[in-house]
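First up is the structure itself, then whatever we jot down about it.
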Amino acid sequence: RKEVEQDPGPFNVPEGATVAFNCTYSNSASQSFFWYRQDCRKEPKLLMSVYSSGNEDGRFTAQLNRASQYISLLIRDSKLSDSATYLCVVNENNNDMRFGAGTRLTVKP
Amino acid sequence: DAGVIQSPRHEVTEMGQEVTLRCKPISGHNSLFWYRQTMMRGLELLIYFNNNVPIDDSGMPEDRFSAKMPNASFSTLKIQPSEPRDSAVYFCASSLRQGGTQYFGPGTRLLVL
Chain A
41 RKEVEQDPGP FNVPEGATVA FNCTYSNSAS QSFFWYRQDC RKEPKLLMSV YSSGNEDGRF
101 TAQLNRASQY ISLLIRDSKL SDSATYLCVV NENNNDMRFG AGTRLTVKP
Chain B
-9 DAGVIQSPRH EVTEMGQEVT LRCKPISGHN SLFWYRQTMM RGLELLIYFN NNVPIDDSGM
51 PEDRFSAKMP NASFSTLKIQ PSEPRDSAVY FCASSLRQGG TQYFGPGTRL LVL
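If you read the sequences in order, they're chains A and B. Just so you know, this note's numbering puts 98 at position 58 of the first sequence, and the rest follows in order with no gaps. Just so you know, this note's numbering puts 7 at position 17 of the second sequence, and the rest follows in order with no gaps.
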């Protein structure tokens, strides 16, 4: 079983749609969680950290469920510029960051 | 502010040649990471340093790979001899502290023929 699992997609949605990604992790002792965004042929960039209480940044909402060991990312009112691959990242032990394979999103006009 | 700097951005070489990838982390960052990304295996951590000291190299695929960090502002990843299966994008990342947000460089696209 992979340490961090994501639905690879692709998710193809129209502009304005709401889309949700889920990610599961295997190590119950994992300490911190992140969503990164990677554009085609670019480096991954931090989108947002994920906190136990859930957190929101504009159109993006991230949630963590420690009991079920999953993380989610919700994108509301999706824009063309949201098209990218979204990587779920779990920090298992300080610097031991595990990346999911990524979920590809395409937002179409 | 300068981000993580990697060179070269692209490298094409022949099997058996030595390849050296370079990274300059963000000034003041204490942790440095080398990753490899392929379509088949995704993003894999190869090795990371904390305060210039290698902490975990369990991700280094084999003895052909080596990494050094002689000072806080420079690191190298060397492959000798290179093989076609080493073709990938190699990213360097740095973070201010252990467990902190990692900032990635633009990557080096390596093609071994």
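Heads up, the beta-carbon is just placed ideally off N, CA and C, and yes, glycines get one too. These numbers were taken from a predicted model, which means no experiment stands behind them.
Glu45 of chain A does not reach chain B, its nearest Cβ partner there being about 11 Å away, counting only Cβ pairs nearer than 9 Å. Against Pro96 of chain B, the close residues of chain A are Lys82 and Glu83, in the order they occur along the chain (beta-carbon pairs closer than 8 Å).
Taking 7 Å as the CB threshold, Leu113 of chain A stays off the interface with chain B.
When the five nearest sequence neighbours on each side are left out, the beta carbons in the same chain lying within less than 6 Å of the beta carbon of Leu101 of chain B are those of Val2 and Ser77, in order along the chain. Looking at the DSSP output, Tyr76 of chain A bridges to A:Leu86 and A:Leu127. Contact annotation, Ala57 of chain A with Ser118 of chain A: C-beta distance approximately 5 Å; criterion of less than 8 Å satisfied.
Our two residues, Asp46 of chain B and Glu55 of chain A, have alpha carbons roughly 43 Å apart in a direct line. Taking all protein chains in view, the Cβ of Asp79 of chain A is surrounded by fewer than 16 other Cβ atoms within 10 Å, so the residue is classified as exposed. For Pro54 of chain A, the secondary structure class from DSSP, reduced to helix, strand or coil, is strand. Contact check for Leu120 of chain A against Gly140 of chain A fails: the beta carbons are separated by 7 Å or more. With respect to the C-alpha of Phe55 of chain B, the residue from B:Gly(-7), B:Ile(-5), B:His0 and B:Glu8 having the closest C-alpha is B:Glu8.
One finds Glu83 and Pro84 in chain A with Cβ atoms closer than 8 Å to the Cβ of Phe81 of chain B, taken in chain order. Annotation: Leu145 of chain A to Pro50 of chain A spans about 6 Å, alpha carbon to alpha carbon.
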